[in-house]
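Trainee: This is the structure I have questions about; it appears just below.
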Amino acid sequence: MKIAPSVLTADFTQLKNELNSIQNADLLHLDIMDGHFVPNISFGPAITKTIEKNTHLPLDVHLMVSNPLDWILKFASEQTKYITVHVEANHVSESLSAINKHHIGAGISVKPKTPIRTIMPYINEVELILVMTVEPGFGGQSFIPEMMDKVKELVDIRKQHGLRFAIEVDGGINDETILICKQAGVDIAVVGSYLFNQENRSQTIEALK
Ligand code: DX5
Ligand code: ZN
239 MKIAPSVLTA DFTQLKNELN SIQNADLLHL DIMDGHFVPN ISFGPAITKT IEKNTHLPLD
299 VHLMVSNPLD WILKFASEQT KYITVHVEAN HVSESLSAIN KHHIGAGISV KPKTPIRTIM
359 PYINEVELIL VMTVEPGFGG QSFIPEMMDK VKELVDIRKQ HGLRFAIEVD GGINDETILI
419 CKQAGVDIAV VGSYLFNQEN RSQTIEALK
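Once you know that position 51 of the sequence shown is 289 in the numbering used here, the rest is easy, because the numbers rise by one and skip nothing.
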């Protein structure tokens with residue numbers, strides 16, 4: 239399993255140390271919120287630049303914003319591996335094209351109540367499909383196990399269509415729920431509060447992997 243720590247619940251006054259403590263992760267997950275698509279605001283391009291300067295990890299940008307087209311360029315750097323937009327957002331197709339134009343892996347995400355069929359028009363254009371396992375907006379919520387049906391559906395779709403997109407989950411991942419995810423066929427797990435509440439982060443990352 240690949241591990242993508244979400245810095246949302248990290249200590250931002252100690253960002254450098256926090257980033258140093260998770261160097262053995264596979265990706266760094268950045269939760270960008272606009273206070274409109276979700277009822278919360280997180281951080282934007284300026285803090286992302288500071289983060290980027292202090293980590294070698296490839297960035298996995300999760301745009302929880304209503305108008306992703308306005309933001310893609312601001313997060314498109316050499317270190318950005320994926321930019322993910324929500325299928326519930328505006329101008330999805332244009333957003334995926336804009337991401338691909340920058341030679342960054344495009345991702346599409348579904349909120350818990352959104353069925354997988356809504357992303358079918360886009361499956362050929364994405365390298366990543368992000369299944370939300372909590373309602374987006376806040377760290378520290380409980381994992382919704384029913385979302386594993388979506389993961390299994392995606393595993394089948396990927397096989398049927400001969401595609402290679404990675405399947406990622408986000409929300410409520412810990413040492414127990416990650417086993418359920420693995421069994422369902424998840425490739426990448428975003429881990430926020432569980433990881434940042436541990437003393438020894440690198441050991442926790444190894445165990446989660
Ligand atoms: C939720 C965010 C998640 C969140 C995960 O809106 O997209 O990435 O930070 O945090 P935990 O692991 O605490 O649920
Ligand atoms: Zn996220």
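Glycine is no exception: its CB is placed at the ideal position from the N, C-alpha and C atoms. Note that the structure is a prediction, hence the values are computed from the model and not measured.
Return the CA-CA distance between residue 280 and residue 251, expressed in angstroms with no decimal places.
Mentor: Spanning the two alpha carbons is a distance of roughly 15 Å.
Trainee: Whole angstroms are fine: how far does the CA of residue 245 sit from the CA of residue 434?
Mentor: Answer to the nearest angstrom: the Cα atoms are 8 Å apart.
Trainee: Out of 446, 417 and 436, point me to the one whose CA is closest to residue 259's CA.
Mentor: Comparing Cα-Cα distances from residue 259 to each of 446, 417 and 436, the minimum goes to 436.
Trainee: Hey, would you say the C-beta of residue 205 is under 7 Å away from at least one heavy atom of the ligand ZN?
Mentor: Coverage of the chain is limited to positions 239 through 447, which leaves residue 205 absent and any answer about it impossible.
Trainee: According to DSSP, simplified to helix, strand and coil, what is residue 405?
Mentor: Three-state result, residue 405: strand.
Trainee: Using 10 angstroms around the beta-carbon of residue 417, count the other beta-carbons present and answer buried if the total reaches 16, otherwise exposed.
Mentor: Residue 417 is exposed by the Cβ-count criterion.
Trainee: Just to confirm, is the Cβ distance from residue 242 to residue 427 under 8 Å?
Mentor: Yes. Within cutoff.
Trainee: Secondary structure at residue 427, three-state DSSP: helix, strand or coil?
Mentor: Strand, per DSSP.
Trainee: May I ask you to report which of helix, strand or coil DSSP gives residue 289?
Mentor: Helix, per DSSP.
Trainee: Candidates 323, 289 and 277: which alpha carbon is nearest residue 266's?
Mentor: Of the candidates 323, 289 and 277, the one whose C-alpha sits nearest the C-alpha of residue 266 is 289.
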